[in-house]
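Residue 286 is where the sequence shown ends in UniProt numbering, and the numbering goes up by one at each step.
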Amino acid sequence: MTTVLIAAHNEAGIIGRTLDGLLNEGGDSSIRVVVAANGCTDDTAAVARRRHVEVVEVAEPGKAAALNAAEHGLIGYPRVYLDADVNLTRSAVEQLTRALRSVDDDSSQPAVLATVPARRVDASGSTVLVRMYYAVNARHPAYQTGLFGRGAIALSEDGRRRFTEFPEIIADDLFLDSLFGPGETAEVDNVVSVVRAVRSTRDLVRRLARVRRGNAQLRAADATGQVRRAMGPGWLVAAARTDPRIIPGALVYAAITIAAEVQSRWGGDGWGADRSTSDAEAAVIR
């Protein structure tokens with residue numbers, strides 16, 4: 001049976017909507033849902049229990065510890081790691097898991113150990129500068145192959161065996177991305193994850209700074225060289241040359257990126273920096 005794991009920190013206002021979509025909308029198969037409520041000072045756990053899903057409560061905030069607690073003693077695959085603010089129907093979860101393919105399914109085809117939905121950023125409620133940033137960000141080539149920035153990742157049993165526990169880092173989806181080689185992951189185009197953009201430029205810089213701190217932490221601990229390296233500005237220059245209309249947006253993008261890099265060096269972590277995999281929008285951008 002497919003298990004959906006959701007780490008939630010003070011998400012009482014949105015977790016009900018996320019669970020309603022999983023439990024009530026479409027799909028033919030049953031799924032198991034585990035909510036890991038961690039460091040909550042609101043009624044996230046109570047809201048989840050009212051939907052009759054499993055709830056694990058962790059006293060301290062932290063996404064990695066929450067997911068590890070939720071998986072303790074858990075059996076059964078595949079597994080879907082879902083952000084509390086990402087709405088997927090049961091049918092969408094089924095499509096993600098059906099796209100997984102183990103090494104034994106068909107010897108003529110490579111194994112697909114991890115799948116993600118397509119990514120769409122909803123910046124309709126954001127300022128003009130934030131919208132300009134995301135219009136350029138959508139062109140980043142890393143999103144063609146990376147697992148990050150979607151808020152949902154499905155792993156097969158073989159894929160989950162690539163690691164034992166989630167490490168205590170911010171960049172959890174960049175960590176998962178580092179575990180798989182070319183051809184072992186797939187984007188399921190007909191499943192779309194809507195990532196909600198922050199409203200203000202200030203909030204965007206803060207979010208990107210958090211991501212950069214997490215990425216730096218993961219890369220510093222990487223002894224294998226498997227963690228995806230940050231891409232330089234070459235792709236941005238190439239995109240602007242190909243389509244000069246984006247030059248104003250490219251300048252905004254560069255300015256926000258530089259500001260986030262400066263702020264990332266000031267430190268700070270915890271669940272505020274670890275809130276959701278949708279925070280990985282800058283996972284490979286420097």
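Idealized CB from N, CA, C, for every residue including glycine. These numbers come from a predicted model, not from an experiment.
Span of the alpha helix (DSSP H) around residue i
i	result
residue 259	247 to 264
residue 18	15 to 24
residue 242	234 to 242
residue 67	63 to 71
residue 133	128 to 137
residue 47	44 to 50
residue 172	172 to 177
Extent of the continuous beta strand (DSSP E) to which residue i belongs
i	result
residue 58	54 to 58
residue 187	185 to 196
residue 287	Residue coverage of the chain in this structure runs from 1 to 286, which leaves residue 287 outside it and unanswerable.
Three-state secondary structure assigned by DSSP to residue i
i	result
residue 79	strand
residue 286	With a pLDDT of only 29 at residue 286, under 50, the local geometry of the prediction cannot be trusted, and no value is derived from it.
residue 110	coil
residue 119	strand
residue 3	strand
residue 202	helix
residue 182	coil
residue 167	coil
residue 147	coil
Residue i - partner residues in DSSP beta bridges
i	result
residue 38	58
residue 94	DSSP output for residue 94 lists no bridge partner at all.
residue 31	2
residue 8	37
residue 101	112
C-beta atoms of residue i and residue j nearer than 9 Å
i	j	result
residue 19	residue 51	yes
residue 246	residue 240	yes
residue 70	residue 47	no
residue 101	residue 112	yes
residue 209	residue 263	yes
residue 38	residue 73	no
residue 187	residue 242	no
residue 191	residue 109	no
residue 14	residue 85	yes
Exercise. Using 8 Å as the threshold, is the segment 154 to 166 in touch with the segment 35 to 49, meaning 3 or more CB pairs across them?
Worked result: no
Exercise. Counting pairs of Cβ atoms below 8 Å between the segment 197 to 206 and the segment 178 to 185, do you hit three or more?
Worked result: no
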